[in-house]
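Colleague: Okay, here's the structure, questions in a sec.
There are 2 protein chains.
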Amino acid sequence: MRQDIRVAVDAVVFGYDQEQGISVLLIKRKIEPFKKMWALPGGLVLNEESLDSAVHRELQEEAGIDVKFLEQLYSFGNPGRDPRNRVISISYFGLVRPRDFELVARTDAEDVAWFNISKLPPLAFDHKKIVETAISRLRGKITYEPVGFELLDKEFPFSDLENLYQTLLDQPIDRRNFKKKISSLGILEELDRTVQRGAGRPARLFRFNRKKYFELKDRGYNFDFFS
Amino acid sequence: MRQDIRVAVDAVVFGYDQEQGISVLLIKRKIEPFKKMWALPGGLVLNEESLDSAVHRELQEEAGIDVKFLEQLYSFGNPGRDPRNRVISISYFGLVRPRDFELVARTDAEDVAWFNISKLPPLAFDHKKIVETAISRLRGKITYEPVGFELLDKEFPFSDLENLYQTLLDQPIDRRNFKKKISSLGILEELDRTVQRGAGRPARLFRFNRKKYFELKDRGYNFDFFS
DNA sequence: ACAAAAGTGTTGCCATTACACCCATGC
DNA sequence: GCATGGGTGTAATGGCAACACTTTTGT
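In order, the protein sequence lines correspond to chains A and B. Here the first sequence stands for residues 0 to 226, numbered as in numbering that gives the first Met the number 0. Here the second sequence stands for residues 0 to 226, numbered as in numbering that gives the first Met the number 0.
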């Protein structure tokens with residue numbers, strides 16, 4: 000019998016926010032199977048498009064967002080992961096600043112929303128497994144490359160970076176040692192301006208030096224976070 | 000138009016040998032397209048089988064070998080990577096001891112052979128790119144997990160491990176420091192026996208402590224190889 | 001006896017860790 | 001003036017890197 004397998008892409012897009020922590024973008028399905036359940040944005044690849052284009056298109060179509068940082072995660076292909084036909088899912092991993100986007104549910108999606116990664120609803124298909132894979136990739140990532148460029152505002156107080164790392168590592172960091180380490184990498188530029196956040200002393204703003212940041216990312220770097 | 004994409008798996012299986020260094024397993028294609036060219040073992044996934052089974056089956060069918068260590072590498076899916084139909088390839092990465100197997104060309108393969116990774120012939124499809132991706136994964140791998148269990152003989156002199164790392168890193172290693180580092184990981188067991196290799200003093204044999212080796216592998220470990 | 005490979009310790013240095021008080025602002 | 005978050009330096013430790021000579025065998 001001729002091969003009868005379909006190919007889909009699915010995206011696990013993470014956002015970071017001081018209040019919410021790390022969130023994942025989900026859509027509520029408008030159609031069967033798993034109608035009304037939350038699921039990862041994604042869908043079948045068109046005949047003429049590349050896999051990368053397919054993910055970008057689906058994110059645009061279903062959630063109305065344009066994710067710049069996307070990389071391939073893993074391909075899930077067990078028979079039976081879709082109850083109707085055999086579909087293999089090529090999953091992607093993305094990072095964005097949620098505040099940069101206004102979510103808009105379209106086409107197959109009845110709703111779109113951010114969910115904190117520790118408060119996920121039940122998910123359609125094997126999407127729970129996909130999200131878990133993505134989270135463990137994200138956690139692993141910060142130990143061998145810098146993370147933050149895609150998740151923080153263009154200009155941010157140092158404590159934002161510190162909080163991001165604490166959230167991702169799920170453990171406290173010594174502020175002074177962390178500052179020393181990051182500063183020594185030379186990927187940050189200190190600005191003259193400050194920002195006030197609630198009570199307390201105003202914080203100086205920083206931004207990433209795009210060039211050095213990506214150089215370091217390409218070379219790879221071993222952070223040793225234990226403290 | 001209904002989706003018309005096929006799904007294949009391809010395997011980049013590496014072998015290590017004191018004389019040959021790092022090699023890749025290739026087959027010579029018996030059929031069009033790219034008839035008579037060298038290519039990675041692989042082929043279309045059957046309707047009812049998992050991706051993992053598909054790779055194992057293809058390796059068995061085309062090369063007659065049974066690869067125990069296999070993990071997913073990356074999925075390549077550009078339209079046009081196969082000149083006839085659209086085929087996406089889910090590639091896998093494997094490690095074996097070449098001496099454990101006798102290669103046997105079967106089904107679609109006219110020939111099977113090991114090629115040193117620096118002396119590869121022209122390859123069919125985009126297999127050159129796939130092999131390059133696999134090599135860079137292999138190089139990366141040894142910096143965050145131990146490697147060797149799957150590539151060395153059950154019992155081996157310490158110098159084999161040292162040579163393996165030197166080959167993979169493509170740079171000399173200080174023998175004393177390397178010994179100290181590996182010993183401190185507690186993944187090696189020293190045996191009473193020795194082995195003689197050509198001239199020189201006989202070398203004591205070692206073997207991996209399977210349990211501790213895989214514990215370390217799961218936990219992840221940061222080697223810092225610079226020297 | 002010499003060539004070839006195996007085996008083995010010490011020292012200096014640098015990077016990581018641990019640790020606590022002052023500063024600028026809002027209320 | 002007090003609560004809140006921002007900002008900063010030093011000393012001790014431990015892990016890594018550099019480094020060369022002796023041992024055991026074959027020829």
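Positions of the beta carbon are idealized from the N, C-alpha and C atoms, including for glycine. Being a predicted model, the structure only gives us computed values, none of them experimental.
Need the endpoints of the beta strand (DSSP E) that THR193(B) sits in, please.
Modeller: In the second sequence, residue 193(B) corresponds to position 194, counting from 1. Per DSSP, THR193(B) belongs to the beta strand (DSSP E) from 187-194.
Colleague: Taking a contact to mean a Cβ-Cβ separation below 8 Å, would you say GLU149(A) touches LEU94(A) in this structure?
Modeller: As a first step, residue 149(A) must be located in the first sequence, where it is residue number 150. As a first step, residue 94(A) must be located in the first sequence, where it is residue number 95. Going by C-beta atoms, GLU149(A) is nearer than 8 Å to LEU94(A).
Colleague: List, in order along the chain, the chain B residues whose C-beta lies closer than 7 Å to that of ASN176(A)?
Modeller: On the first sequence, residue 176(A) is found 177 positions in, with the first residue counted as 1. The premise fails here: ASN176(A) is roughly 17 Å from chain B at the closest Cβ pair, so nothing lies under 7 Å.
Colleague: With H, G and I counted as helix, E and B as strand and the rest as coil, what does DSSP make of ASN176(A)?
Modeller: For the purposes of this step, residue 176(A) is taken as the residue at position 177 of the first sequence. Helix at ASN176(A).
Colleague: From GLY20(A) to ASN221(A), what does the alpha carbon distance come to, in whole angstroms?
Modeller: As a position in the first sequence, residue 20(A) is number 21, starting the count at 1. As a position in the first sequence, residue 221(A) is number 222, starting the count at 1. Approximately 24 Å between the Cα atoms of the pair.
Colleague: Relative to the alpha-carbon of LEU137(B), which residue among GLN2(B), PRO40(B), SER22(B) and VAL6(B) has its alpha-carbon at the smallest distance?
Modeller: For the purposes of this step, residue 137(B) is taken as the residue at position 138 of the second sequence. For LEU137(B), the nearest C-alpha among the options comes from SER22(B).
Colleague: Could you give the DSSP three-state label for GLY14(B): helix, strand or coil?
Modeller: Position 15 of the second sequence holds residue 14(B). In this structure, GLY14(B) counts as strand in the three-state DSSP scheme.
Colleague: Could you tell me whether the Cβ atoms of ARG105(A) and GLU60(A) are closer together than 8 Å?
Modeller: Within the first sequence, numbered from 1, the residue matching residue 105(A) stands at position 106. Within the first sequence, numbered from 1, the residue matching residue 60(A) stands at position 61. Taking 8 Å as the Cβ cut-off, ARG105(A) and GLU60(A) qualify as a contacting pair.
Colleague: Who are the Cβ neighbours of ILE134(B) in its own chain at under 7 Å, not counting the five residues just before and after it?
Modeller: The residue you call residue 134(B) lines up with position 135 of the second sequence. Hits under 7 Å: ILE116.
Colleague: For VAL146(A), which of ILE89(A), TYR164(A) and VAL54(A) has the nearest alpha-carbon?
Modeller: Taking the first sequence and counting its residues from 1, one reaches residue 146(A) at position 147. When only C-alpha atoms are compared, the closest one is TYR164(A).
Colleague: Can you tell me whether ARG28(A) is buried or exposed? The criterion is at least 16 other CB atoms within 10 Å of its CB, across all chains shown.
Modeller: Taking the first sequence and counting its residues from 1, one reaches residue 28(A) at position 29. Buried, because 16 or more other Cβ atoms sit within 10 Å of the Cβ of ARG28(A).
Colleague: Report back the beta-carbon spacing between THR132(A) and LEU72(A) to the nearest angstrom; my notes put them in contact at under 8 Å.
Modeller: Taking the first sequence and counting its residues from 1, one reaches residue 132(A) at position 133. Taking the first sequence and counting its residues from 1, one reaches residue 72(A) at position 73. Sure, about 6 Å apart at Cβ, within 8 Å.
Colleague: Quick one: what does DSSP say PRO233(B) is sitting in, helix, strand or coil?
Modeller: The structure shown has nothing for residue 233(B), since chain B only spans 0 to 226.
Colleague: What's the call for PRO40(A), buried or exposed, on a 16-neighbour Cβ count within 10 Å?
Modeller: Position 41 of the first sequence, counted from the first residue, corresponds to residue 40(A). With 16 or more other Cβ atoms within 10 Å, it is buried.
Colleague: Please return the same chain residues whose Cβ sits closer than 7 Å to the Cβ of PRO171(B), not counting the five positions on each side in sequence.
Modeller: On the second sequence, position 172 is the one that residue 171(B) refers to. The residues are GLN165.
Colleague: Quick one: give me the first and last residue of the alpha helix (DSSP H) that ASN162(A) is part of.
Modeller: By one-based count along the first sequence, residue 162(A) stands at place 163. Counting along the chain, the alpha helix (DSSP H) containing ASN162(A) begins and ends at 157-168.
Colleague: From ALA112(A) to HIS55(A), what distance separates their C-alpha atoms?
Modeller: In the first sequence, residue 112(A) corresponds to position 113, counting from 1. In the first sequence, residue 55(A) corresponds to position 56, counting from 1. Answer to the nearest angstrom: the Cα atoms are 18 Å apart.
Colleague: Beta-carbon within less than 7 Å of PRO97(B)'s beta-carbon, same chain only, minus the 5 sequence neighbours each way: which residues are those?
Modeller: For the purposes of this step, residue 97(B) is taken as residue 98 along the second sequence, with counting starting at 1. Cβ within range, chain order: GLY14, ASP16, SER22 and TRP113.
Colleague: Return no unless some Cβ of chain A is closer than 8 Å to the Cβ of GLY76(B).
Modeller: Here residue 76(B) refers to the residue found at position 77 of the second sequence. It does: the Cβ of GLY76(B) has a partner Cβ on chain A nearer than 8 Å.
Colleague: Consider the Cβ of TYR220(B): report whether some Cβ of chain A lies at a distance smaller than 8 Å.
Modeller: The count along the second sequence starts at 1 and reaches residue 220(B) at position 221. Taking Cβ atoms only, chain A never reaches closer than 8 Å to TYR220(B), which makes this a no.
Colleague: Does the distance from the CB of ARG209(A) to the CB of ALA202(A) come in under 8 Å?
Modeller: For the purposes of this step, residue 209(A) is identified with residue 210 of the first sequence, where counting begins at 1. For the purposes of this step, residue 202(A) is identified with residue 203 of the first sequence, where counting begins at 1. No; because the gap between Cβ atoms is not below 8 Å, this pair is not in contact.
Colleague: Please report the distance separating the alpha-carbon of VAL86(B) from that of PRO32(B).
Modeller: Here residue 86(B) refers to the residue found at position 87 of the second sequence. Here residue 32(B) refers to the residue found at position 33 of the second sequence. When rounded, the distance between both Cα atoms is 13 Å.
Colleague: Decide if ILE30(A) is buried, meaning its Cβ has at least 16 other Cβ atoms within 10 Å, or exposed.
Modeller: The count along the first sequence starts at 1 and reaches residue 30(A) at position 31. It counts as exposed.
Colleague: So if I threshold CB-CB distances at 8 Å, which residues from the segment 36-53 of chain B count as touching chain A?
Modeller: Of all residues in the segment 36-53 of chain B, LEU43, VAL44, LEU45, ASN46, GLU47, GLU48, SER49 and LEU50 have a Cβ within less than 8 Å of some Cβ in chain A.
Colleague: In the DSSP assignment, the beta strand (DSSP E) including SER117(B) goes from what residue to what residue?
Modeller: As a working note, residue 117(B) is residue 118 in the second sequence. That residue, SER117(B), is in no beta strand (DSSP E); it is neither H nor E in DSSP.
Colleague: Closest to LEU69(A) by C-alpha separation, out of TYR212(A), ALA10(A) and ASP99(A), would be which residue?
Modeller: Taking the first sequence and counting its residues from 1, one reaches residue 69(A) at position 70. If we check each option's Cα against that of LEU69(A), ALA10(A) comes out closest.
Colleague: Runs of 3 residues minimum, wholly inside the segment 82-143 of chain A: which ones carry the beta strand (DSSP E) assignment?
Modeller: For the segment 82-143 of chain A, whole beta strand (DSSP E) runs of length 3 or above, ordered along the chain, are 86-95 and 108-115.
Colleague: So, with DSSP's three-state summary, where would you put SER226(A)?
Modeller: For this step, residue 226(A) is matched to residue 227 along the first sequence. Only weak support exists for where SER226(A) lies, its pLDDT of 46 falling under 50; the coordinates are left without a value.
Colleague: Are the Cβ atoms of ALA123(B) and MET36(B) separated by less than 8 Å?
Modeller: Counting from 1 along the second sequence, the entry for residue 123(B) is found at position 124. Counting from 1 along the second sequence, the entry for residue 36(B) is found at position 37. Yes, the Cβ-Cβ distance between ALA123(B) and MET36(B) is below 8 Å.
Colleague: Could you say which of LYS127(B), ASN84(B), LYS34(B) and LYS140(B) lies nearest to LYS227(B) if we only look at CA atoms?
Modeller: A question about residue 227(B) goes unanswered here, because the residues of chain B that appear run from 0 up to 226.
Colleague: Distance, Cα to Cα, ALA38(A) vs LEU187(A)?
Modeller: Taking the first sequence and counting its residues from 1, the one referred to as residue 38(A) is at position 39. Taking the first sequence and counting its residues from 1, the one referred to as residue 187(A) is at position 188. Cα-Cα distance, rounded: 37 Å.
Colleague: Taking 8 Å as the threshold (beta carbon to beta carbon), is ILE87(B) in contact with chain A?
Modeller: The count along the second sequence starts at 1 and reaches residue 87(B) at position 88. It does: the Cβ of ILE87(B) has a partner Cβ on chain A nearer than 8 Å.
Colleague: With H, G and I counted as helix, E and B as strand and the rest as coil, what does DSSP make of PHE148(B)?
Modeller: As a first step, residue 148(B) must be located in the second sequence, where it is residue number 149. Correct three-state label for PHE148(B): coil.
Colleague: Do ARG192(B) and LEU204(B) have their C-beta atoms within less than 8 Å of each other?
Modeller: Taking the second sequence and counting its residues from 1, one reaches residue 192(B) at position 193. Taking the second sequence and counting its residues from 1, one reaches residue 204(B) at position 205. Yes. Within cutoff.
Colleague: Quick test of your reading: LYS178(A) and PHE157(A), contact by CB under 8 Å. State the CB separation rounded to the nearest angstrom.
Modeller: In the first sequence, residue 178(A) corresponds to position 179, counting from 1. In the first sequence, residue 157(A) corresponds to position 158, counting from 1. Contact holds; Cβ gap of about 7 Å.
Colleague: Which stretch, first to last residue, makes up the beta strand (DSSP E) that contains GLN71(B)?
Modeller: As a first step, residue 71(B) must be located in the second sequence, where it is residue number 72. Unbroken beta strand (DSSP E) run through GLN71(B): 68-75.
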